Amino acid sequence: MIDTIVLTQLLNGFILGLIYGLMAIGLTMIWSVTDLPDFSQGGIYIISAYVAYWTITLLNVPYFLAIPIGALAGILLSVAFERIVYDRLRPSGVLSCLLAAIALFFLLENAANALWTPKAKIMSVPETEVSINLFGIVTSYHRIIIFIISVLLFIFVHLFIKYTKIGMAMRAVAEDREIAALMGIDTSKVYIATWALGGALTSVAAILISPLYAVWPGMGTLPLLKALVVVILGGFGSIIGALIGGLILGLIETFGAIYVSAAYQHGFAFILLLLTLSLRPKGLFGRR
Amino acid sequence: MSEKKRLGKKSIAIVIIAVIVIVIGSVLGWYFMMAPAAPRVIKIGYSAPFTGPAAEFGTNGWRGISIALEEINAKGVYIKGEKYTVEVIRYDDRCEPTEGAAAVKKLILEDKVIAILGSHCSSVCMAIAPLCDENRIPGITIECAADAVTSPGHEYYFRMRPSMGLMAPLITPVIIDKLKPSKIGFLAINDDYGRSFVESFKKNFEGYGVSTVVEEYFERGATDFYPYLTAIKAAKPDIVFYVGVTPEGALILKQAKELGLIPEVKFIGSEEMGEYELVSLAGKEAVAGTYAISLWAPKPEIRELASKVKEKFNAPMHYAIVFGYDALHVLVKAIEMAQSLDPAKIKDALKKLEYEGLQGHIKFESFEYGGKLFVNQGRWTPYLIRWTEVGEKELIGP
Amino acid sequence: MAGHNKNNIYLKKSLFYPRAIRFLPIIITIVILIMLPLYASSYIVFVAAIALLYAMVAAGYDVLLGYTGQLSFCQGAFYGIGAYLSAILTVNYGWSFWQAMPISVLFVGLVSAIIGYPALRLRGAYFAVTTFFLAHFVYLIFLNEVSLTGGPLGFRGIRPPEPIGPLSFESMANGYLLILFSFIIIYALLRKFVNSNVGLILKSIEQDDILAESMGINTAAYKLLSFVISAIVAGYAGTMFAHFFRLLHPTTFSWFLSEMVVIITLVGGVGTLIGPVLGAGIVTFILEFLRFAPEIRYVGWAIALIAILMFEPKGLMGLIKRIGVR
Chain U
1 MIDTIVLTQL LNGFILGLIY GLMAIGLTMI WSVTDLPDFS QGGIYIISAY VAYWTITLLN
61 VPYFLAIPIG ALAGILLSVA FERIVYDRLR PSGVLSCLLA AIALFFLLEN AANALWTPKA
121 KIMSVPETEV SINLFGIVTS YHRIIIFIIS VLLFIFVHLF IKYTKIGMAM RAVAEDREIA
181 ALMGIDTSKV YIATWALGGA LTSVAAILIS PLYAVWPGMG TLPLLKALVV VILGGFGSII
241 GALIGGLILG LIETFGAIYV SAAYQHGFAF ILLLLTLSLR PKGLFGRR
Chain C
1001 MSEKKRLGKK SIAIVIIAVI VIVIGSVLGW YFMMAPAAPR VIKIGYSAPF TGPAAEFGTN
1061 GWRGISIALE EINAKGVYIK GEKYTVEVIR YDDRCEPTEG AAAVKKLILE DKVIAILGSH
1121 CSSVCMAIAP LCDENRIPGI TIECAADAVT SPGHEYYFRM RPSMGLMAPL ITPVIIDKLK
1181 PSKIGFLAIN DDYGRSFVES FKKNFEGYGV STVVEEYFER GATDFYPYLT AIKAAKPDIV
1241 FYVGVTPEGA LILKQAKELG LIPEVKFIGS EEMGEYELVS LAGKEAVAGT YAISLWAPKP
1301 EIRELASKVK EKFNAPMHYA IVFGYDALHV LVKAIEMAQS LDPAKIKDAL KKLEYEGLQG
1361 HIKFESFEYG GKLFVNQGRW TPYLIRWTEV GEKELIGP
Chain B
2001 MAGHNKNNIY LKKSLFYPRA IRFLPIIITI VILIMLPLYA SSYIVFVAAI ALLYAMVAAG
2061 YDVLLGYTGQ LSFCQGAFYG IGAYLSAILT VNYGWSFWQA MPISVLFVGL VSAIIGYPAL
2121 RLRGAYFAVT TFFLAHFVYL IFLNEVSLTG GPLGFRGIRP PEPIGPLSFE SMANGYLLIL
2181 FSFIIIYALL RKFVNSNVGL ILKSIEQDDI LAESMGINTA AYKLLSFVIS AIVAGYAGTM
2241 FAHFFRLLHP TTFSWFLSEM VVIITLVGGV GTLIGPVLGA GIVTFILEFL RFAPEIRYVG
2301 WAIALIAILM FEPKGLMGLI KRIGVR
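Protein chains in written order, with our numbering: chain U, 1 to 288; chain C, 1001 to 1398; chain B, 2001 to 2326.
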């Protein structure tokens, strides 16, 4: 008879992993298509959560409507950054873009600080906070919602990449930019689409997890880093990899926090990173 | 390098203008700040975190100070028959010691303040206190909790509220009397404040034969307390002290309820959890029936201040506001007692004064406790409160 | 023929006065900095000392970023290790600063070598992410190992470096001067290194490391070398900080520090060595200047930063080059 505590943590770790996976998918796509590990997604994570928070508290919009609104904010910001900043800096090299992404993350974090004060806000969604008893595990509706929405999104992204024109164009550009351009693919349109998708995924991840955790300006740094670890663990450019890698990290973190050390909770991602890089640098499903 | 075009004349002009503007701006700024105070203005400095994770403390402290400032300047400060007004200059220290040191140095050496208020984080206070002594400018900390700030202490640095090491002995008997625990547990934030809290309460309860069965620490900004609460549940304490800021507290209470810990286990919150913000964040049901150590009791004067704060800033009441308010009043009282703007005389006045603050009876004493020497330290007893079903504070003791 | 004459005269002039003119601004700046304690308040001296420490770390960092092309975020970690180790050795074990400092620096070098050896085999962003995590991990150690570092309760009671003969480092002014002189020496050494043959090899690695590898250069060894050098400089700056500020707290060594170093290097101009030094001065100046607006200080700075980078991605040095120093 497995301890209910273990089961609860299993569920929590799984859900956490789904969130990491969502963000990692966005990142891995952006990275493989545009060659830029987009650190500014950390800032977009923060801002979209706040936008959702605002719409819920100020405009009394229901949570499920706040999700697409926040996602829209994330999309707009990501695309704006691409058009205004990254596009301009691209001729100067990847390093410049990377540094710009970091600067933008910094900017968004400080903007959140100034606009909403550094004090954490709680995104309260009474409808989903209902406790339910699932096979003896006490959990809330909300985690089920996260599960459902995440899985739907994964399926959507998978189908999108596989069957739509833009999706296939993204894959082509990820494979080889020059050849894709020669074949007539408009790379700038592909970039915009990629960024829009990445921004959307990051935003949804942020908004989904916000009611469980708090919304505060520093909320983006650790998720960004962990999503990057998941990208590396899962394999560069692999969506399945991002999903599985996310689950692995979520579970390791949750169980590690209980059985090993809660203080070094965030260090597990680091150890996972080191293990991946030394044992299997390509990641689980990586191609490059 | 040669691929980049040479800057057009327009760009060069823009750059040169920008540089000139910056240079002139800073020279002017410097000049104005270095200018001696307009006659009959008392300049006081305030260093606090206005950005970063501790920013709410600075913001609230400033709210208290500005309300006190208004009251004080409405009446004016009279020194030897002359009427003075007070000006408070504030800088951000991000809750980081080197920033605090730079801010205080600037306040003392450039802005020429005659006293310092601040800061809120113990790490910064530890950096500021020696500077006060060095420059012989009195300083009152707003709320630093760690003992080390006034122990072994500094001649020119004062603290109104009882430090962590002093709170525990003052309130432990109250808790034991009213709640009668046999085993206790802690869930605390992993910083100077959290660690000092646990250390001192643990020791004091031991003195009464109550043992600590579980002790967990979380990082600032942590939001997932399930692992810690699970460990606590397994250890089965009668009382759990939860130490942090209200968003964390709210999450802790909610998650503890989800795990079935509340109301079986009595949760006693640290000072922050005695604030209304906890109720607004967690909701009345989650908070009702839980306890907290509070730095102010629901007295009528506090309600008065609270309504002013609501009116002016549309913000809930918070102890940092109370402390900021009291601190400025205490300082001005000392100035009036000394009847002088000489910082050394003000410091002497502070050592002698007694003031009925909104927080409690304020008196700076030097004494020994627990093998440590405290200097310029206040010693009023904090309050144990319980949250009612309607989200109000009920005074349990003393 | 007239044109030919003009060129001739120009040539003659440059033959006589090249070196002096070039060094003049540097000499003037150094003199101003040395005399700082005489005419400026201890507030300015303090801020200048901190800025010089940043400049030191940034210059060392530029060797890694600008000359070898490796982006890393763990300068804060090495700075912190140097600071805490020197503090622990002098306070807990009674060592003299002059013994503790070299040992701390060596230790930092060792740690960076051990970490760098496997890590540097990673390319670009993978390496960057690893260093990000490393910095956070080291920060967690500073925070949690309370018995060693004092953790959140801080590490107090650090003494200034022991006097050399009659020269004591107790005062702010002398502490500052010690930092200033160390900085000048370190910068000169870095300059020499970067201009040497080894420096050229590093530059070639930055340009195209695959090509360099194919030409027989052991790129891994050189990358490790620049990583260790930047770490050692940061570690040394850390020891200086510990004995100058005399209070250590984990918050000082958070991500913020590493971010600052990167931004300073960017703003000043990557790969120029003097750029990051200027960057340290500019960034410190802007932040102190904005002190009167506590809430928007960092936002204003972040916006200024983005604006600067978009106007001139190569930072201040890029701007200077563009204005046309012939």
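Note that CB positions come from ideal geometry on N, CA and C, so glycine has one too. Quick caveat: nothing in here was measured; it's all calculated off a predicted structure.
Please state whether the Cβ-Cβ distance between residue i and residue j is less than 9 Å.
i	j	result
Gly184(U)	Ala206(U)	no
Val1322(C)	Gly1357(C)	yes
Gly2271(B)	Gly2082(B)	no
Leu2053(B)	Val2045(B)	no
Gln1339(C)	Lys1080(C)	yes
Gly17(U)	Ile271(U)	no
Leu233(U)	Gly283(U)	yes
Tyr1242(C)	Ala1188(C)	yes
Asp1093(C)	Ser1119(C)	yes
Ala2100(B)	Ser2086(B)	yes
Ala1250(C)	Leu1295(C)	no
Comparing the C-beta of residue i with each C-beta of chain B, is any distance below 9 Å?
i	result
Tyr1319(C)	no
Arg1090(C)	yes
Glu1096(C)	yes
Tyr264(U)	yes
Phe1050(C)	yes
Ala71(U)	no
Asn1190(C)	yes
Ala1399(C)	Since the first residue of chain C shown is 1001 and the last is 1398, residue 1399(C) is not available in this structure.
For residue i, is the classification buried or exposed, using 16 other Cβ atoms within 10 angstroms of its Cβ as the cut-off for buried?
i	result
Ala2188(B)	exposed
Tyr2039(B)	exposed
Ala2280(B)	buried
Phe2268(B)	Here residue 2268(B) is Gly; the residue named in the question, Phe, does not match the sequence. Classification of Gly2268(B): buried, given that the 10 Å Cβ count is 16 or more.
Asp186(U)	exposed
Phe105(U)	buried
Between the C-alpha atoms of residue i and residue j, what's the straight-line distance to the nearest angstrom?
i	j	result
Ile1313(C)	Arg1063(C)	Residue 1313(C) is actually Phe in this sequence, not Ile. About 8 Å.
Lys1004(C)	Ser92(U)	Interpretation of Lys1004(C) is limited by its pLDDT of 47, a score under 50 that renders its predicted location unreliable; the figure taken from the coordinates is listed afterwards. Using only the alpha carbons, I get a separation of about 11 Å.
Glu1134(C)	Leu1109(C)	12 Å
Gly241(U)	Phe154(U)	12 Å
Gly1274(C)	Thr1246(C)	9 Å
Tyr1228(C)	Leu2225(B)	43 Å
Val260(U)	Phe1218(C)	14 Å
Pro1181(C)	Gly1269(C)	15 Å
Thr1085(C)	Pro1162(C)	30 Å
Leu1350(C)	His1329(C)	11 Å
Glu2312(B)	Gly2318(B)	7 Å
Val1088(C)	Tyr1046(C)	7 Å
Met1(U)	Leu7(U)	The predicted model places Met1(U) with a pLDDT of 46, which falls under 50 and marks its position as unreliable, so this point remains unresolved.
Thr2252(B)	Val33(U)	38 Å
Arg1386(C)	Val85(U)	53 Å
Could you confirm whether any beta carbon from chain C is found closer than 9 Å to the beta carbon of residue i?
i	result
Gly2235(B)	no
Gly54(U)	Going by the sequence as given, residue 54(U) is Trp instead of Gly. No, because no Cβ of chain C sits closer than 9 Å to the Cβ of Trp54(U).
Thr202(U)	no
Phe2181(B)	no
Asp9(U)	Contrary to the premise, residue 9(U) reads as Gln rather than Asp in this sequence. It does: the Cβ of Gln9(U) has a partner Cβ on chain C nearer than 9 Å.
Ala120(U)	yes
If we define contact as Cβ-Cβ less than 9 Å, is residue i a contact residue for chain U?
i	result
Phe2292(B)	no
Thr2272(B)	no
Glu2259(B)	yes
Ala1231(C)	yes
### Message
Counting beta carbon pairs with one atom in the region 1335-1346 of chain C and one in the region 1294-1306 of chain C, are three or more of them shorter than 8 Å?
### Response
Flag = no, the region 1294-1306 of chain C and the region 1335-1346 of chain C do not touch.
### Message
Any contact between the region 2201-2220 of chain B and the region 2055-2070 of chain B? By contact I mean 3 or more CB pairs, one from each, below 8 Å.
### Response
By the Cβ criterion, the region 2201-2220 of chain B is in contact with the region 2055-2070 of chain B, since at least three pairs of Cβ atoms, one from each stretch, lie closer than 8 Å.
### Message
So, does the region 2153-2162 of chain B touch the region 2207-2219 of chain B, judging by three or more C-beta pairs under 8 Å?
### Response
Between the region 2153-2162 of chain B and the region 2207-2219 of chain B, the count of Cβ pairs shorter than 8 Å is below three; the stretches do not touch.
### Message
Count Cβ pairs between the region 1069-1076 of chain C and the region 2230-2240 of chain B that sit closer than 8 Å; are there 3 or more?
### Response
Touching, no.
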